[in-house]
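Chemist: Structure in structure tokens, see below.
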Amino acid sequence: MAWALDPVKIEGKRVLVRNYSEKDFATIAEALNDPNGWFGRNWGIDSPQKIQNMLDSLLQAQSKGQHNALVYCVGDEVAGITRLMRLEPSNKSLEIGGTWVAPKWRKSFVNTEVKFLLLQYCFETLSAERVEFRVDGRNIESQRAVLRIGAKLEGRLRTRQLYPDGVARDGLLFSVIRPEWSNVKGNHCIRYC
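Going by my numbering, the sequence shown opens with residue 140, and the numbers climb by one from there.
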């Protein structure tokens with residue numbers, strides 16, 4: 140397979156990160172269903188059927204090599220989805236993004252552990268030089284989560300994206316680069332390993 144598109148299965152202390160398939164759609168859609176949450180309000184993905192449609196489109200894009208779609212679980216329970224995306228093999232650069240945490244698991248250990256496991260995978264398995272995170276300028280919780288894992292804020296991308304209702308979204312760009320990885324890993328392990 141192409142760089143960063145190989146099947147993924149990473150077992151952490153409390154979380155499992157793996158690729159999903161169509162057989163997982165209903166379970167993922169039920170876990171993520173939150174009409175008043177970020178994706179429901181801003182993207183109109185406000186029902187299990189719309190979530191399943193989105194998952195199907197993500198798998199179609201994955202088959203074209205655009206990203207690597209992942210689900211993460213605590214035990215047998217779906218806790219969220221994310222992707223390895225904006226893949227730049229020639230620069231060994233990618234983004235961990237499109238993250239959607241199930242309501243039950245927000246503000247818990249889950250997102251931090253998943254991001255750490257994926258950073259470890261990117262730097263130690265893929266030999267990445269740079270891993271990015273892009274966060275909506277209004278999503279304070281996600282900004283704090285990315286800073287908590289050790290990413291550095293690089294700047295604001297003004298009017299980076301339009302929501303379906305036409306509202307312009309600013310994005311904040313964060314990254315971890317290879318020279319920073321050992322410190323990020325060490326700080327994570329002091330707290331969580």
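All residues carry an ideal CB built from backbone N, CA and C; glycine is no exception.
All figures in this text were calculated on a predicted structure; none of them were measured in a lab.
Please identify the residue among Q205, R273, I235, E263 whose C-alpha is closest to the C-alpha of T298.
Modeler: The option with the nearest alpha carbon to T298 is R273.
Chemist: Is the CB-CB distance between E169 and V213 below 9 Å?
Modeler: Cβ distance not < 9 Å, so E169 and V213 don't count as in contact.
Chemist: In whole angstroms, what separates the C-alpha of G276 from that of L296?
Modeler: Roughly 9 Å separates the two Cα atoms.
Chemist: Thinking C-alpha only, which one of P187, N230, K246, E280 is nearest A143?
Modeler: Answer by Cα proximity: N230.
Chemist: Who does D275 pair with in a DSSP beta bridge?
Modeler: DSSP lists G310 as partners of D275.
Chemist: Going by other Cβ atoms of all chains shown within 10 Å of its Cβ, with 16 needed for buried, is Y302 buried or exposed?
Modeler: Y302 is exposed by the Cβ-count criterion.
Chemist: List the DSSP bridge partners of Q300.
Modeler: Note: Q300 sits in a beta bridge opposite R308.
Chemist: Among all the DSSP beta bridges, which residues are the ones paired with A143?
Modeler: Answer by DSSP bridge pairing: none, since A143 is not bridged.
Chemist: Would you check if the distance between the CB atom of E268 and the CB atom of S232 is smaller than 9 Å?
Modeler: In contact: E268 and S232 (Cβ atoms closer than 9 Å).
Chemist: Return the chain-ordered list of same chain residues with a C-beta closer than 7 Å to the C-beta of L312, the five sequence neighbours on each side being excluded.
Modeler: Only E271, R273, E293, G294, L296 meet the Cβ criterion.
Chemist: Need the endpoints of the beta strand (DSSP E) that L404 sits in, please.
Modeler: Given that the chain is displayed from residue 140 to residue 332, the structure contains no residue 404 and the question cannot be resolved.
Chemist: Assuming I279 and V210 make a contact with CB atoms under 8 Å, what is their CB distance in whole Å?
Modeler: Contact flag wrong, Cβ pair sits at about 25 Å.
Chemist: Is S281 buried or exposed, if buried means 16 or more other CB atoms sit within 10 Å of its CB?
Modeler: Buried: at least 16 other Cβ atoms inside 10 Å.
Chemist: Got a sec: is the Cβ-Cβ distance from S196 to anything in chain B below 9 Å?
Modeler: This model lacks chain B altogether, as it is built from one protein chain only.
Chemist: Bridge partners of M224, per DSSP?
Modeler: In DSSP, M224 forms a bridge with E234.
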